[in-house]
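Below is one structure, written out as structure tokens; comments come after it.
Number of protein chains: 2
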Amino acid sequence: MLQFKNPSDVYAFAYRQKRDGKTIGFAPTMGYLHEGHASLFKKAAANSDVVIASSFVNPTQFGEREDFIHYPKNPVRDAMLAESCGVHALFLPNTEAIYPNGEEITVKVNARTDVLCGKSRPGHFDGVATVLSKLFTIVQPDHVYFGMKDAQQVAIVQALIQSFHFPIKLIACPIIREPDGLAKSSRNVRLRPDERREAPFIYQGLQHGHCCIKKGERNFDRIIATVSNYYHSHLKLGQIDYVDALNYPELKRMHPEMHGKIIIAVAVCYDQARLIDNITIEC
Amino acid sequence: MLQFKNPSDVYAFAYRQKRDGKTIGFAPTMGYLHEGHASLFKKAAANSDVVIASSFVNPTQFGEREDFIHYPKNPVRDAMLAESCGVHALFLPNTEAIYPNGEEITVKVNARTDVLCGKSRPGHFDGVATVLSKLFTIVQPDHVYFGMKDAQQVAIVQALIQSFHFPIKLIACPIIREPDGLAKSSRNVRLRPDERREAPFIYQGLQHGHCCIKKGERNFDRIIATVSNYYHSHLKLGQIDYVDALNYPELKRMHPEMHGKIIIAVAVCYDQARLIDNITIEC
Chain D
96 MLQFKNPSDV YAFAYRQKRD GKTIGFAPTM GYLHEGHASL FKKAAANSDV VIASSFVNPT
156 QFGEREDFIH YPKNPVRDAM LAESCGVHAL FLPNTEAIYP NGEEITVKVN ARTDVLCGKS
216 RPGHFDGVAT VLSKLFTIVQ PDHVYFGMKD AQQVAIVQAL IQSFHFPIKL IACPIIREPD
276 GLAKSSRNVR LRPDERREAP FIYQGLQHGH CCIKKGERNF DRIIATVSNY YHSHLKLGQI
336 DYVDALNYPE LKRMHPEMHG KIIIAVAVCY DQARLIDNIT IEC
Chain Y
96 MLQFKNPSDV YAFAYRQKRD GKTIGFAPTM GYLHEGHASL FKKAAANSDV VIASSFVNPT
156 QFGEREDFIH YPKNPVRDAM LAESCGVHAL FLPNTEAIYP NGEEITVKVN ARTDVLCGKS
216 RPGHFDGVAT VLSKLFTIVQ PDHVYFGMKD AQQVAIVQAL IQSFHFPIKL IACPIIREPD
276 GLAKSSRNVR LRPDERREAP FIYQGLQHGH CCIKKGERNF DRIIATVSNY YHSHLKLGQI
336 DYVDALNYPE LKRMHPEMHG KIIIAVAVCY DQARLIDNIT IEC
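Chains as they are written, first to last, in the numbering used here: chain D, 96 to 378; chain Y, 96 to 378.
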């Protein structure tokens, strides 16, 4: 597996692949890779001739009081995992390489950001869209792979691709979970043992909401109340940041009653880790 | 000359050229073409295998009280002029084609915008950077051609290219002038005869400032005062929007005294047309 630090080297590598008629699959990550990332790499390897992954903890998507500095890192293990999943080239830029002019010019996301993580993390999706615009231009992928754990990110990246006319197809991949249901996350390592024991209730609350919908409940507010009540009685350590139910990918309530594709999404704050999870359902 | 309305058709055309090893020169315009644009096209034709021009009056770079609706148009003459200057493909999209999601995601310029036209036209360069990001991704140029009449635009587009890692070289082309010195502009047609007779003083004022620098003046404020005084005594119809002298392309005063490359820039408002001009000098 090749490893690159300079944008121009990755660009040259990708350019040669494209010139030779090969398709490029790309999975951007922030490193500290887990089975969720592995599933993206494997899908990319199955679909594309060449797989490029990036590992870059993007400072502009973190708020001032967030965990940028403490974001977990393990580049040696990451490289082994990426290679074992069929990644051909790993891009490991530093901040100066991606932001040669600092934040002189950035991307701004003006819709779908007033809910869920966008509401709790102002500016987060501006940072995501900024770094991805740069990475897409450098890597020139035909397909990009994102996990549905960050469902709001998937919706916004799809809009970014369409708005900026990137010739890219987005492949949204299912959430990978621990055996007890907890969604895989680089941040799970920062849970205390007692928090880790509690965290599987996050997914169970979502399943509880899903069950109610399957039984015929179509009222957004009642579904949210059901899931919230479940959390209030099961989460003793985690603080609920939000629980919401919205149409997906619009991230609005498009109808008075649930109709079409629905997301129930939650964020829970533990002492050193903010966890997110969601479930999407066709109504 | 080919003409395209759909981004995907231009992309496919450009993609084929690139695949065949050809270089693409691109000159984005707002139409109503004049000799200034012609000079860009001819330079592109001399430097690149394939020349693409676009004609799109970009709504997002106009302020609410600006001349978007009244911006002059003459698509038939534009096509003839473009073809005669060696343009191979003209891209004439409508607003929906460029902004399929409206302004859901935009580009924001956070530096070099607090002076000159950026100060007078808040949001103008956000609109410019947004549309150019889209056009660069659609057209995939190797070289892009911009006129130095919009010197602040040239500085910002250079920063955009660098910030977003576009594999593009920017070629800044000299200002083309009428025989009496007035900078060529699509907006000149909107001057009344008496305004048109006065407008050449704009360039003469800049030359006056240039002469002072050549004679050894190195104080920014005194140069600005010299040029401003010239305008106050020569412009009876035009209202001065700004006169400024700054380092270029930083668009700051990098030193207490003039040093390096300097721009003296001016904007003058007539009844139906706001004219800009500038001169750059090595100190």
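C-beta: ideal position from N, C-alpha, C; glycine also. From a predicted model like this one, the values you see are computed outputs, not experimental measurements.
What separation, rounded to the nearest whole angstrom, lies between the Cα atoms of residue i and residue j?
| i | j | result |
| --- | --- | --- |
| residue 207 of chain D | residue 339 of chain D | 13 Å |
| residue 204 of chain Y | residue 320 of chain Y | 29 Å |
| residue 337 of chain Y | residue 326 of chain Y | 11 Å |
| residue 315 of chain D | residue 341 of chain D | 8 Å |
| residue 116 of chain Y | residue 103 of chain Y | 20 Å |
| residue 179 of chain Y | residue 271 of chain D | 59 Å |
| residue 267 of chain Y | residue 253 of chain Y | 10 Å |
| residue 240 of chain D | residue 306 of chain Y | 59 Å |
| residue 277 of chain D | residue 237 of chain D | 31 Å |
| residue 234 of chain Y | residue 182 of chain Y | 14 Å |
| residue 332 of chain Y | residue 347 of chain Y | 30 Å |
| residue 175 of chain D | residue 119 of chain D | 20 Å |
| residue 296 of chain D | residue 227 of chain D | 32 Å |
| residue 304 of chain D | residue 318 of chain D | 6 Å |
| residue 107 of chain D | residue 113 of chain Y | 14 Å |
| residue 129 of chain D | residue 250 of chain D | 22 Å |
| residue 221 of chain D | residue 274 of chain Y | 48 Å |
| residue 153 of chain Y | residue 257 of chain Y | 22 Å |
| residue 280 of chain Y | residue 131 of chain Y | 8 Å |
| residue 162 of chain D | residue 244 of chain D | 18 Å |
| residue 248 of chain D | residue 223 of chain D | 8 Å |
| residue 334 of chain Y | residue 360 of chain D | 56 Å |
| residue 218 of chain D | residue 198 of chain D | 13 Å |
| residue 343 of chain D | residue 121 of chain D | 24 Å |
| residue 96 of chain D | residue 164 of chain D | 28 Å |
| residue 308 of chain Y | residue 230 of chain D | 44 Å |
| residue 259 of chain Y | residue 160 of chain D | 27 Å |
| residue 352 of chain Y | residue 311 of chain Y | 11 Å |
| residue 143 of chain Y | residue 126 of chain D | 41 Å |
| residue 329 of chain Y | residue 292 of chain Y | 11 Å |
| residue 350 of chain D | residue 376 of chain D | 15 Å |
| residue 299 of chain Y | residue 138 of chain Y | 27 Å |
| residue 135 of chain D | residue 269 of chain Y | 49 Å |
| residue 192 of chain D | residue 173 of chain D | 20 Å |
| residue 124 of chain D | residue 283 of chain Y | 51 Å |
| residue 263 of chain Y | residue 210 of chain D | 37 Å |
| residue 133 of chain Y | residue 140 of chain Y | 10 Å |
Which partner residues of residue i appear in the DSSP bridge assignment?
| i | result |
| --- | --- |
| residue 176 of chain Y | In the DSSP output, where bridge partners are listed per residue, residue 176 of chain Y has none listed. |
| residue 373 of chain Y | Y:360 |
| residue 330 of chain D | According to DSSP, which records beta bridges pairwise, residue 330 of chain D is partnered with nothing at all. |
| residue 238 of chain Y | Y:120 and Y:264 |
| residue 342 of chain D | D:357 |
| residue 314 of chain Y | Y:352 |
DSSP three-state label for residue i, please.
| i | result |
| --- | --- |
| residue 206 of chain D | coil |
| residue 124 of chain D | strand |
| residue 98 of chain D | strand |
| residue 105 of chain D | helix |
| residue 182 of chain D | coil |
| residue 336 of chain D | strand |
| residue 368 of chain Y | coil |
| residue 113 of chain Y | helix |
| residue 309 of chain Y | helix |
| residue 129 of chain D | coil |
Does the beta carbon of residue i fall short of 7 Å from some heavy atom of the ligand NAP?
| i | result |
| --- | --- |
| residue 184 of chain D | You won't find the ligand NAP in this model; it holds no ligand whatsoever. |
Assuming residue i contacts residue j under a Cβ cut-off of 8 Å, what Cβ separation, rounded to an integer in Å, is found between them?
| i | j | result |
| --- | --- | --- |
| residue 212 of chain D | residue 109 of chain D | Not quite, the Cβ-Cβ distance comes to about 30 Å (not below 8 Å), so this is no contact. |
| residue 149 of chain D | residue 186 of chain D | 4 Å |
| residue 378 of chain D | residue 313 of chain D | 7 Å |
| residue 287 of chain D | residue 366 of chain D | 6 Å |
| residue 232 of chain Y | residue 261 of chain D | 6 Å |
| residue 301 of chain D | residue 357 of chain D | Going by Cβ atoms, the distance from residue 301 of chain D to residue 357 of chain D rounds to 12 Å, so no, they are not a contact pair. |
| residue 151 of chain Y | residue 188 of chain Y | 6 Å |
| residue 170 of chain Y | residue 285 of chain Y | Their Cβ separation, rounded to whole angstroms, is 18 Å, which puts residue 170 of chain Y and residue 285 of chain Y out of contact at 8 Å. |
In chain order, what are the residue ranges of uninterrupted beta strand (DSSP E) at least 3 long that sit wholly in the segment 241-295 of chain Y?
Segments of the beta strand (DSSP E) lying fully in the segment 241-295 of chain Y: 264-268.
My parser needs the beta strand (DSSP E) runs of 3 or more residues fully inside the segment 135-180 of chain D; what are they?
Here the runs fully enclosed are 145-150.
May I have a chain-ordered list of the alpha helix (DSSP H) segments no shorter than 4 residues that lie completely inside the segment 185-234 of chain Y?
Taken in chain order, the complete alpha helix (DSSP H) segments of 4 or more residues contained in the segment 185-234 of chain Y are 190-193, 211-215 and 219-234.
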